[in-house]
Amino acid sequence: MTQTPTGFGDPNAYRAIFFDETQEHLANVEAILLRLRPDEASPGLQGDFNAIFRAVHSIKGSAAMLGCDDMAGLAHLQENLLDLLRKDERPLEAGDVEALLRAGDALQAQALRHRGMTDRAPDTSAVEALLRDQLARPRIGAQGAQSGPVRRAFSVTLGPLVAAIDAGDLEMMLAGLGEMGSVADTRIDNQPGGSVAFSVELEGTAADLESVLALVVPTDITTIEPAGASAPVKAAPQPVPSDDLGDELFVDPAVFKQRRAASEPAPAIAPAPGPASAPALLADLHEPVSVAAAETGYIRVSIEKIDLLVNLVGELVITEAMLARSAASQEDGTAPTFSDAGLADLSRHTRNLQEAVLAIRMLPISNVFSRFPRLVHELSARLGKRVELKFGGESTELDRGLIEKISDPLTHLVRNAVDHGLETAETRIACGKPPVGTVRLHATQRGGSVVIEVSDDGRGLDRERILAKAARMGIPVAADATDAQVWQLVFLPGFSTAEQVTDLSGRGVGMDVVRRNIQALGGSVDISSAAGWGTTVTVSVPLTLAIVEAMTVSVGGATYVLPLASVAESLRIEAQQIHRLPHEGDTLRVRDDWLPVLHLARLFPPAQAAAEAGGIAVIVEAEGRRVALVVDELVGQQQVVVKSLEANYRRVPGLSGATVMGDGSVALILDVSHLVRLCAAREPASP
Amino acid sequence: MQPAFARTAEPAQAPVRQREFLTFRLGAENYAIDILKVQEIRGWEQPTAIANSPAFIKGVINLRGVIVPILDLRVKFQLPQASYDEFTVVIILNIASRVAGVVVDSVSDVLSLPEDAIRPTPEFSSATFDTRYIPGLATVGDELMILLDIEKLLTGADMALVDGASH
Chain A
13 MTQTPTGFGD
23 PNAYRAIFFD
33 ETQEHLANVE
43 AILLRLRPDE
53 ASPGLQGDFN
63 AIFRAVHSIK
73 GSAAMLGCDD
83 MAGLAHLQEN
93 LLDLLRKDER
103 PLEAGDVEAL
113 LRAGDALQAQ
123 ALRHRGMTDR
133 APDTSAVEAL
143 LRDQLARPRI
153 GAQGAQSGPV
163 RRAFSVTLGP
173 LVAAIDAGDL
183 EMMLAGLGEM
193 GSVADTRIDN
203 QPGGSVAFSV
213 ELEGTAADLE
223 SVLALVVPTD
233 ITTIEPAGAS
243 APVKAAPQPV
253 PSDDLGDELF
263 VDPAVFKQRR
273 AASEPAPAIA
283 PAPGPASAPA
293 LLADLHEPVS
303 VAAAETGYIR
313 VSIEKIDLLV
323 NLVGELVITE
333 AMLARSAASQ
343 EDGTAPTFSD
353 AGLADLSRHT
363 RNLQEAVLAI
373 RMLPISNVFS
383 RFPRLVHELS
393 ARLGKRVELK
403 FGGESTELDR
413 GLIEKISDPL
423 THLVRNAVDH
433 GLETAETRIA
443 CGKPPVGTVR
453 LHATQRGGSV
463 VIEVSDDGRG
473 LDRERILAKA
483 ARMGIPVAAD
493 ATDAQVWQLV
503 FLPGFSTAEQ
513 VTDLSGRGVG
523 MDVVRRNIQA
533 LGGSVDISSA
543 AGWGTTVTVS
553 VPLTLAIVEA
563 MTVSVGGATY
573 VLPLASVAES
583 LRIEAQQIHR
593 LPHEGDTLRV
603 RDDWLPVLHL
613 ARLFPPAQAA
623 AEAGGIAVIV
633 EAEGRRVALV
643 VDELVGQQQV
653 VVKSLEANYR
663 RVPGLSGATV
673 MGDGSVALIL
683 DVSHLVRLCA
693 AREPASP
Chain B
721 MQPAFARTAE
731 PAQAPVRQRE
741 FLTFRLGAEN
751 YAIDILKVQE
761 IRGWEQPTAI
771 ANSPAFIKGV
781 INLRGVIVPI
791 LDLRVKFQLP
801 QASYDEFTVV
811 IILNIASRVA
821 GVVVDSVSDV
831 LSLPEDAIRP
841 TPEFSSATFD
851 TRYIPGLATV
861 GDELMILLDI
871 EKLLTGADMA
881 LVDGASH
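Protein sequences appear in the order of chains A and B.
Counting from 13, one number per residue, gives the positions in the first sequence under the working numbering.
Counting from 721, one number per residue, gives the positions in the second sequence under the working numbering.
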């Protein structure tokens with residue numbers, strides 16, 4: 013072949029799609045694998061195995077075509093194992109699930125290397141050995157004839173075709189079949205009304221062949237005949253009236269399974285062959301077709317394009333605000349230049365457009381949750397605990413940027429819940445609890461934020477032990493501190509109460525990092541717990557990072573933006589309220605509290621000092637501390653579009669970004685956490 | 721036709737390549753920068769100052785939704801006067817996948833120079849200005865053009881324009 017098939021004009025674009033799809037396939041496969049219950053008699057698994065098989069097969073085909081031979085090889089091994097399972101040659105074992113999960117990880121690692129994200133080729137020999145071991149496990153009904161792979165010959169006719177097959181797909185299918193065995197006598201008349209015919213020899217059954225062909229052409233125009241046989245068998249899964257158990261070549265696996273179950277007296281693994289189960293199995297086999305049809309409702313769009321759209325709409329919002337302002341300023345003048353109705357429309361459409369565009373960036377939080385079944389699966393195996401993971405509100409939507417940033421803190425919380433929160437099965441039974449512990453993840457939207465709860469029904473936080481640890485660390489705690497105040501101690505750096513440090517958690521770098529990361533997103537973390545009943549950690553983050561509700565203040569003619577979430581209150585300073593402490597800076601009395609004072613004009617010296625400086629104190633709060641920030645004036649409250657300062661300039665201490673104001677000028681956004689930490693550093697006694 | 725194995729140590733023997741430069745004035749001198757680095761030329765608008773930054777960094781502006789730092793080469797090169805009026809010009813540059821604006825006295829012309837017209841910068845024993853940023857000099861008519869490697873200059877450590885470069 014010298015000519016590239018039309019479907020793959022740009023190999024790089026195709027590679028990108030391949031990696032994306034591989035990612036998706038692997039995620040699907042993992043989700044299905046974790047749902048399977050090995051070593052239990054569960055009917056209707058063929059549908060699952062077929063879905064996994066299809067995913068792995070399409071990875072294999074594309075990988076081979078793009079020259080990722082290591083991936084193709086590994087996928088091929090997986091296919092062999094899956095093939096065995098879906099033909100019900102032996103029951104599913106825990107080892108199968110484990111081997112397939114590991115193989116998925118290895119494929120992922122290989123894909124990363126091909127993408128150039130890592131240079132290290134993963135060592136897959138262990139995984140391959142694992143897969144081979146599982147392949148070699150004894151099969152049921154192994155009666156000599158089935159012991160080794162048998163090559164079988166088929167002649168295949170696809171047609172009459174309703175429409176021409178995509179040249180790339182056809183190429184891929186033939187290449188895939190060629191890899192499974194050998195393809196010969198290919199006659200291609202690829203046009204409507206024409207047909208494609210070839211003969212193929214491979215290690216597999218007619219059903220295998222059909223599943224490969226089904227990726228490209230509908231099954232109802234596929235005819236598969238054993239080479240040399242006279243009676244053609246329609247590949248469409250119709251029960252074939254045959255009583256010969258040995259003739260399993262052309263029998264639909266579901267029907268075969270049913271018959272074998274009936275003929276074998278009470279096999280431990282076979283499902284109860286109720287009359288209703290056969291149609292159900294057939295339905296399972298056909299389900300993926302409708303799934304494929306539903307997928308066409310989506311298109312893949314690169315993130316850059318969406319970010320560009322978000323930026324452009326942000327510009328439009330600002331332009332609209334400028335127009336509205338200049339229209340308002342002309343009202344007292346002579347002739348109005350703009351029609352009021354037109355302006356109102358413009359402003360409404362702009363707002364709707366902005367909402368719609370931001371909605372594109374929103375992803376359901378299930379994108380984060382979906383990684384936890386695997387984590388909990390591994391943790392529970394390692395710790396010898398029995399854990400059930402429950403989800404709620406997975407469809408709650410969150411900005412894409414947040415989804416990425418929130419997954420690490422949440423992973424930490426889930427790990428904590430399983431490792432520290434839940435007891436072992438024995439302890440739970442001794443406490444009168446069910447042996448299986450529950451970890452629950454729940455997300456809801458409340459106003460402009462998303463609240464995520466990570467709760468467990470484990471032992472709960474130990475008030476006495478936390479207090480003892482605080483005493484050891486020299487942290488003063490009031491004797492009558494409420495539980496809520498005691499739990500706050502957990503968020504202090506270096507605070508970990510785990511009695512023994514496991515390799516999973518408990519190094520004391522946990523909760524303070526979680527809190528810092530969440531606060532960096534403009535969110536907050538709270539913890540509630542009852543001894544013996546469990547612990548709930550509540551994480552609240554804003555819906556989007558792109559837009560922030562903000563308070564604008566001015567200092568010496570310069571405008572600064574404060575995220576409203578961190579503003580507690582603001583008040584006019586009376587002279588007698590502010591006091592200067594020796595070597596410590598100023599302190600401001602707010603009701604019964606004395607707060608450290610930061611003069612914004614001293615932190616960010618303005619070009620020209622204001623005539624009457626520092627009249628207003630804004631009390632800001634972050635990391636559990638409050639600081640009085642002295643400014644000249646409060647300007648207003650508005651939504652601002654957050655822009656990066658680092659993109660073209662550099663990080664500036666004390667600033668978290670910039671925004672464009674209604675008049676097109678730039679205002680800087682203050683980093684409240686940094687300001688609060690400045691004060692903390694000034695307090696000599698603090699740990 | 722030159723035989724392939726001929727020694728071509730002198731650049732004059734290679735086919736003469738033309739390079740295009742944007743020239744501008746800073747004080748009494750003419751400077752030239754690679755035109756491929758220039759995104760656009762704008763009039764001066766008052767940027768938002770960032771306190772505690774070096775004097776030559778005038779602040780940041782909103783360039784169609786992108787926050788762009790503006791620096792004044794006149795301040796950087798310690799020229800006596802740096803005033804801002806409606807004739808002050810800002811060259812918006814695209815360097816190392818970043819956007820930045822530089823203020824100069826005036827933009828003069830687009831100049832096409834053959835490569836062999838560029839002479840190496842003489843070595844100064846005690847340079848007040850770091851000649852690493854000046855790959856060469858060229859004479860156009862009677863005037864001297866100072867070639868400026870604007871990318872090297874702006875991403876250099878003393879510009880504090882890029883994270884990590886300054887500390």
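Glycine included, every Cβ here is placed at the ideal spot set by N, Cα and C.
If you count every other CB in all the chains shown that lies within 10 Å of the CB of residue 868 of chain B, and 16 or more means buried, which is it? Translated into the one-based positions of the second sequence, residue 868 of chain B becomes position 148. Classification of residue 868 of chain B: buried, given that the 10 Å Cβ count is 16 or more.
Check each candidate in A:668, A:204, A:589, A:398 and name the one with the smallest Cα separation from residue 604 of chain A. One-based indexing of the first sequence puts residue 604 of chain A at position 592. Nearest option by C-alpha distance: A:589.
Residue 78 of chain A versus A:31, A:650, A:106, residue with shortest Cα-Cα distance: As a first step, residue 78 of chain A is located in the first sequence; it is residue number 66 there, counting from the start. The option with the nearest alpha carbon to residue 78 of chain A is A:31.
Would you list, in chain order, the members of the region 456-481 of chain A that have their beta-carbon closer than 8 Å to a beta-carbon of chain B? none
CB-CB under 6 Å to residue 393 of chain A, same chain, minus the five flanking residues each way: which ones, in chain order? As a first step, residue 393 of chain A must be located in the first sequence, where it is residue number 381. Closer than 6 Å at Cβ, skipping near neighbours: no residue.
Report the CB separation of residue 415 of chain A from residue 380 of chain A in whole angstroms; it is logged as a contact under 8 Å. In the first sequence, residue 415 of chain A corresponds to position 403, counting from 1. In the first sequence, residue 380 of chain A corresponds to position 368, counting from 1. Indeed, because the Cβ distance is near 6 Å, the residues count as touching under 8 Å.
Using Cβ-Cβ distances below 7 Å, what residues of the region 662-685 of chain A are close to chain B? 662, 663, 664, 670, 672, 676, 677, 678, 679, 680
Start-to-end residues for the alpha helix (DSSP H) that takes in residue 122 of chain A: Sequence index remark: in the first sequence, residue 122 of chain A carries index 110 (1-based). Unbroken alpha helix (DSSP H) run through residue 122 of chain A: 106-126.
Under three-state DSSP, which class holds residue 357 of chain A? Numbered from its first residue, the first sequence carries residue 357 of chain A at position 345. Of the three classes helix, strand and coil, the one that applies to residue 357 of chain A here is helix, per DSSP.
Is the CB of residue 772 of chain B under 8 Å away from at least one CB in chain A? Numbered from 1 along the second sequence, position 52 holds the residue referred to as residue 772 of chain B. Yes, residue 772 of chain B counts as interfacial toward chain A.
Since residue 865 of chain B and residue 857 of chain B are thought to touch, with beta carbons under 8 Å apart, how far apart are those beta carbons, to the nearest angstrom? Looking up residue 865 of chain B in the second sequence gives position 145. Looking up residue 857 of chain B in the second sequence gives position 137. The pair is a contact, with the Cβ atoms about 7 Å apart (cut-off 8 Å).
Along chain A, which residues have their Cβ under 8 Å away from the Cβ of residue 881 of chain B? To locate residue 881 of chain B, count along the second sequence from 1; it is residue 161. Here the neighbours are 661, 662.
With residue 466 of chain A as the anchor, note down where its alpha helix (DSSP H) starts and where it stops. Counting from one through the first sequence, the residue named residue 466 of chain A turns up at place 454. Not the alpha helix (DSSP H): residue 466 of chain A falls in the beta strand (DSSP E), residues 461-468.
Is the separation between the beta-carbon of residue 768 of chain B and that of residue 831 of chain B shorter than 8 Å? Stepping through the second sequence from its first residue, residue 768 of chain B is reached at position 48. Stepping through the second sequence from its first residue, residue 831 of chain B is reached at position 111. No.
CB-CB under 8 Å to residue 122 of chain A, same chain, minus the five flanking residues each way: which ones, in chain order? On the first sequence, position 110 is the one that residue 122 of chain A refers to. Answer for residue 122 of chain A: 80, 82, 83, 86, 133, 134, 136, listed in chain order.
Touching or not, the region 198-206 of chain A and the region 137-148 of chain A, by the rule of three or more beta carbon pairs under 8 Å? no
When you compare each of A:167, A:185, A:42 to residue 120 of chain A by their alpha carbons, which one comes out closest? Taking the first residue of the first sequence as position 1, residue 120 of chain A is located at position 108. Cα-wise, what sits closest to residue 120 of chain A is A:42.
What are the residues in the region 564-592 of chain A lying within 9 Å of chain B by C-beta distance? From the region 564-592 of chain A, only 570, 571 have a Cβ closer than 9 Å to chain B.
State whether the region 559-575 of chain A contacts the region 677-688 of chain A, with contact taken as three or more CB pairs (one from each stretch) at a distance under 8 Å. In the pairwise beta carbon analysis, the region 559-575 of chain A is classified as touching the region 677-688 of chain A: at least three pairs are separated by under 8 Å.
Proximity winner among B:835, B:833, B:852, B:834, relative to residue 841 of chain B (alpha-carbon distances): Stepping through the second sequence from its first residue, residue 841 of chain B is reached at position 121. Per the Cα distances, B:852.
Residue 780 of chain B: contacting residues in chain A (beta-carbon distance under 9 Å): Against the second sequence, residue 780 of chain B aligns to sequence position 60. The answer, in chain order, is 657, 660, 661, 670, 678, 680.
Listed by chain order, chain A residues near residue 811 of chain B by CB distance under 7 Å: Numbered from 1 along the second sequence, position 91 holds the residue referred to as residue 811 of chain B. Chain A residues near residue 811 of chain B: none, gap ~15 Å exceeds 7 Å.
Return the first residue and the last residue of the beta strand (DSSP E) that residue 554 of chain A is part of. Walking along the first sequence from the start, residue 554 of chain A turns up at place 542. Start and end: 546-554.
Counting only beta-carbon atoms, is residue 768 of chain B nearer than 8 Å to chain A? One-based indexing of the second sequence puts residue 768 of chain B at position 48. Interface residue, yes.
Do we get a CB-CB distance below 8 Å when we pair residue 820 of chain B with the residues of chain A? Taking the first residue of the second sequence as 1, we reach residue 820 of chain B at position 100. The C-beta of residue 820 of chain B comes closer than 8 Å to at least one C-beta of chain A.
Buried or exposed: which applies to residue 539 of chain A, given that a residue is buried once 16 or more other Cβ atoms fall within 10 Å of its Cβ? Counting from one through the first sequence, the residue named residue 539 of chain A turns up at place 527. Its Cβ being crowded by 16 or more others within 10 Å, residue 539 of chain A is buried.
Given a threshold of 16 other Cβ atoms within 10 Å of its Cβ, counted over all protein chains shown, does residue 703 of chain B qualify as buried or as exposed? Only positions 721 to 887 of chain B appear in the structure, and residue 703 of chain B is not among them; the question remains open.
Note down the Cα distance separating residue 391 of chain A from residue 427 of chain A, rounded to an integer number of angstroms. Sequence index remark: in the first sequence, residue 391 of chain A carries index 379 (1-based). Sequence index remark: in the first sequence, residue 427 of chain A carries index 415 (1-based). Cα to Cα, residue 391 of chain A sits roughly 8 Å from residue 427 of chain A.
Status (buried if at least 16 other CB within 10 Å, exposed otherwise) for residue 499 of chain A: Position 487 of the first sequence holds residue 499 of chain A. Around the C-beta of residue 499 of chain A, 16 or more other C-beta atoms lie within 10 Å, and the residue is accordingly described as buried.
Cα separation between residue 365 of chain A and residue 64 of chain A? Here residue 365 of chain A refers to the residue found at position 353 when the first sequence is read from its first residue. Here residue 64 of chain A refers to the residue found at position 52 when the first sequence is read from its first residue. Going by the C-alpha atoms only, they are around 40 Å apart.
What number of angstroms, rounded off, separates the C-alpha of residue 377 of chain A from the C-alpha of residue 535 of chain A? Within the first sequence, residue 377 of chain A is the residue found at index 365, counting from 1. Within the first sequence, residue 535 of chain A is the residue found at index 523, counting from 1. Answer to the nearest angstrom: the Cα atoms are 16 Å apart.
What residues from the region 604-617 of chain A come within 8 Å of chain B, judged by C-beta to C-beta, listed N to C? 615, 616, 617
Alpha-carbon to alpha-carbon, residue 413 of chain A and residue 59 of chain A: For the purposes of this step, residue 59 of chain A is taken as the residue at position 47 of the first sequence. For the purposes of this step, residue 413 of chain A is taken as the residue at position 401 of the first sequence. Distance between the alpha carbons of residue 59 of chain A and residue 413 of chain A: 35 Å.
For residue 404 of chain A, tell me which candidate among A:434, A:439, A:466 has the shortest Cα-Cα distance. Within the first sequence, numbered from 1, the residue matching residue 404 of chain A stands at position 392. Comparing C-alpha distances from residue 404 of chain A to each of A:434, A:439, A:466 shows the shortest one belongs to A:466.
Are the C-beta of residue 619 of chain A and some C-beta of chain B separated by less than 8 Å? Along the first sequence, read from residue 1 onward, the residue named residue 619 of chain A stands at position 607. Interface residue, yes.
Just to confirm the assignment, what range does the beta strand (DSSP E) spanning residue 606 of chain A have? Residue mapping note: residue 606 of chain A aligns to position 594 of the first sequence, counting from 1. Element bounds for residue 606 of chain A: 605-611.
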